[in-house]
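Novice:
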Amino acid sequence: MLGLIVGETDLPKFLIKTLLKQNKDFLILDLTKLNIYKKYKNSYALKITELGKALSILKKNNCKNVIFIGKVKRPEISLLKFDSKALFYLPRLFSAFKKGDGNILKEIIKIFKENKIKVLNSMKFTPELVFKEKSINNVKINNLDKMSISKGISVVKSLSKFDIGQSVVINDGFVLAIEGPEGTDHTIKRSLYLSKKYKLKSKSILVKFPKINQDPRVDLPTIGLD
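Residue numbers (the numbering used here): 30 to 255.
1. Are the beta-carbon atoms of V204 and I217 separated by less than 8 Å?
2. For A115 versus T61, is the C-beta distance shorter than 8 Å?
3. Is it buried or exposed, K169, if we count other Cβ atoms within 10 angstroms and call 16 or more buried?
4. Would I138 pass as an interface residue toward chain D - the criterion being a Cβ-Cβ separation below 8 Å?
5. Who are K147's beta bridge partners in DSSP?
6. Taking just the CA atoms, how far does S113 sit from N304?
7. So S189 and V236 are supposed to be a Cβ contact under 8 Å. How far apart are they, rounded?
8. For N172, count neighbouring C-beta atoms within 10 Å of its own C-beta (all shown protein chains included) and say buried if the count is 16 or more, exposed if not.
9. Under a three-way DSSP split, which group does F160 fall into?
10. Report the residue from G253, L44, G32 and I182 whose alpha carbon sits nearest the alpha carbon of Y73.
11. Can you look up F203 in the DSSP assignment and give me helix, strand or coil?
12. By DSSP's criteria, V35 is part of a beta bridge. Which residues make up the other side?
13. Going by CA-CA distance only, name the one from L58, Q243, T38 and P245 that's closest to F30.
14. Determine the burial state of I165: buried for a count of at least 16 other Cβ atoms within 10 Å of its Cβ, exposed for fewer.
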């Protein structure tokens, strides 16, 4: 039995559809706000703080492997109510929380491993969602564009140790916006606002790239419609 720990966006729906076609047995731990996966067999509504309940369900159903997929909003930790198992791990989680999202996810992987549950990459079942190393449109890039892209990659790599974000917007070789906790969509909107405010004539380029040591099993850079 495969465990799916799902959040918002359409990515979980795509994975579930693929698993059903492949006749794979799975259960769902639904972290969505409206519990939109309750119609499926073996679906359990959970809160992000119910770590003990999650581990209990997975063990009871003999789930040796799990997949994290979908977006889960970073909560305000002071407002959360944890179950007993989550409280047990809270010092570790809180320490990781202060260091950034990437460290929280790495700590969660460690906790699952300690409970003999392996975290898999969702792309193992949906490789078609990953772009190939080629152009996917008819946009031609010039030398300045190439320099901007290279600079964007360097910026994301340089900021990796601060666990800030996965994307940056470059305009005419200059950094226009860096992704923060608000996410990629708002970063794009902010760059558009700045472009209009300062009447920038050159096109902007979004560079989204994995941070150094980013774990694709729980934090895969994505782009496109939700």
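Idealized CB from N, CA, C, for every residue including glycine.
As the structure is a prediction and not an experimental result, all values here were calculated from the model.
Specialist: The relevant details are as follows:
1. Along the sequence shown, one-based indexing puts residue 204 at 175. Along the sequence shown, one-based indexing puts residue 217 at 188. Taking 8 Å as the cut-off, the Cβ atoms of V204 and I217 do not count as close.
2. As a working note, residue 115 is residue 86 in the sequence shown. As a working note, residue 61 is residue 32 in the sequence shown. A distance of 8 Å or more separates the beta carbons of A115 and T61.
3. Position 140 of the sequence shown, counted from the start, is the residue given in the question as residue 169. Exposed, by the Cβ-count rule.
4. This model lacks chain D altogether; it includes just one protein chain.
5. What you label residue 147 is simply residue 118 of the sequence shown in a count that begins at 1. Looking at the DSSP assignment, K147 forms a beta bridge with N94.
6. There is simply no residue 304 to check, as the chain begins at 30 and stops at 255 in what is shown.
7. Your numbering for residue 189 matches position 160 in the sequence shown. Your numbering for residue 236 matches position 207 in the sequence shown. Contact doesn't hold; Cβ gap of about 14 Å is too wide.
8. As a first step, residue 172 must be located in the sequence shown, where it is residue number 143. Per the 10 Å Cβ criterion, exposed.
9. As a working note, residue 160 is residue 131 in the sequence shown. Note: F160 maps to coil in three-state DSSP.
10. Translated into the one-based positions of the sequence shown, residue 73 becomes position 44. G32 is the residue among G253, L44, G32 and I182 whose C-alpha sits nearest the C-alpha of Y73.
11. By one-based count along the sequence shown, residue 203 stands at place 174. DSSP places F203 within a strand segment (E or B) once states are collapsed to three.
12. Residue numbering aside, residue 35 sits at position 6 when the sequence shown is read from its first letter. In DSSP, V35 forms a bridge with D59 and I98.
13. On the sequence shown, residue 30 is found 1 positions in, with the first residue counted as 1. First, the residue type needs correcting, since residue 30 is Met and not Phe in the sequence shown. The residue with the shortest Cα to Cα distance from M30 is L58.
14. Position 136 of the sequence shown, counted from the start, is the residue given in the question as residue 165. By the neighbour-count criterion, in which 16 or more other beta carbons inside 10 Å mark a residue as buried, I165 falls on the exposed side.
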